[in-house]
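Numbering (UniProt numbering), first residue to last: 1 to 133.
Ideal Cβ placement from N, Cα and C applies to all residues, glycine included.
Only one structure is covered here, and it is reproduced in the block below.
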Amino acid sequence: MPDTVGLHICFDESGREIEVLDVTPVAHDKYRIEETPIFNPGIALGDIIRVKEKQGISYYVETVQKSAYIRYAWLLSKEAAASREISALKQAVKENGGRYEQIFGGFLVIHIQKGTAVDVEAEMSRILAKFEL
1 MPDTVGLHIC FDESGREIEV LDVTPVAHDK YRIEETPIFN PGIALGDIIR VKEKQGISYY
61 VETVQKSAYI RYAWLLSKEA AASREISALK QAVKENGGRY EQIFGGFLVI HIQKGTAVDV
121 EAEMSRILAK FEL
């Protein structure tokens, strides 16, 4: 399997929204996204995209295959983000084949496949209630 690389990806034709994302090459001009893009909420971790390269920048063309993951996202307080409960949830997600990202400290994104043993929504509801979020 090819190594993950950082790729400069532009999601708009004018070239104003360029983001460096970790991707895994899967074919010529096709990459699997290995992290959540900030500038394009329609693209998710695990999606396979096709790009067109021009002057060192890869321009997004289309999503070839959507990820098998379901994506959940929450904005957490500093206290909640650093809590044992969030750590335990992240560990459970990982143990059940899912992935998580904590962006800018308090933005938690969980990616998990349908039908896993972890009920992410129920767990997060419990955690959010505890921290009054």
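Secondary structure of residue i, DSSP reduced to three states
i: S87; result: helix
i: L128; result: helix
Sub-8 angstroms separation of residue i and residue j beta-carbons
i: residue 163; j: V118; result: Absent from the model: residue 163. The displayed extent of the chain is 1 to 133, so no value can be given.
i: V123; j: L89; result: According to the sequence displayed, residue 123 carries Glu and not Val. For E123 and L89, yes; Cβs fall inside 8 angstroms.
i: L45; j: L133; result: no
i: I49; j: Y60; result: yes
i: E101; j: T36; result: yes
i: A73; j: Q113; result: no
When the options are compared against residue i, the one with the closest alpha-carbon
i: I43; options: K54, L7 and I33; result: I33
i: P21; options: K114, Q65 and D47; result: For the record, residue 21 in the displayed sequence is Leu; it is not Pro. L21 has its Cα closest to that of D47, out of K114, Q65 and D47.
i: D29; options: D3, K52, A73 and F39; result: K52
i: I86; options: A129, E19 and F11; result: A129
Rounded distance between the beta-carbons of residue j and residue i, thought under 8 angstroms
i: V120; j: I127; result: V120 to I127, Cβ: 10 angstroms. No contact.
i: V23; j: T4; result: 7 angstroms
With 16 other Cβ atoms within 10 Å as the buried cut-off, status of residue i
i: R99; result: buried
i: I9; result: buried
i: I38; result: exposed
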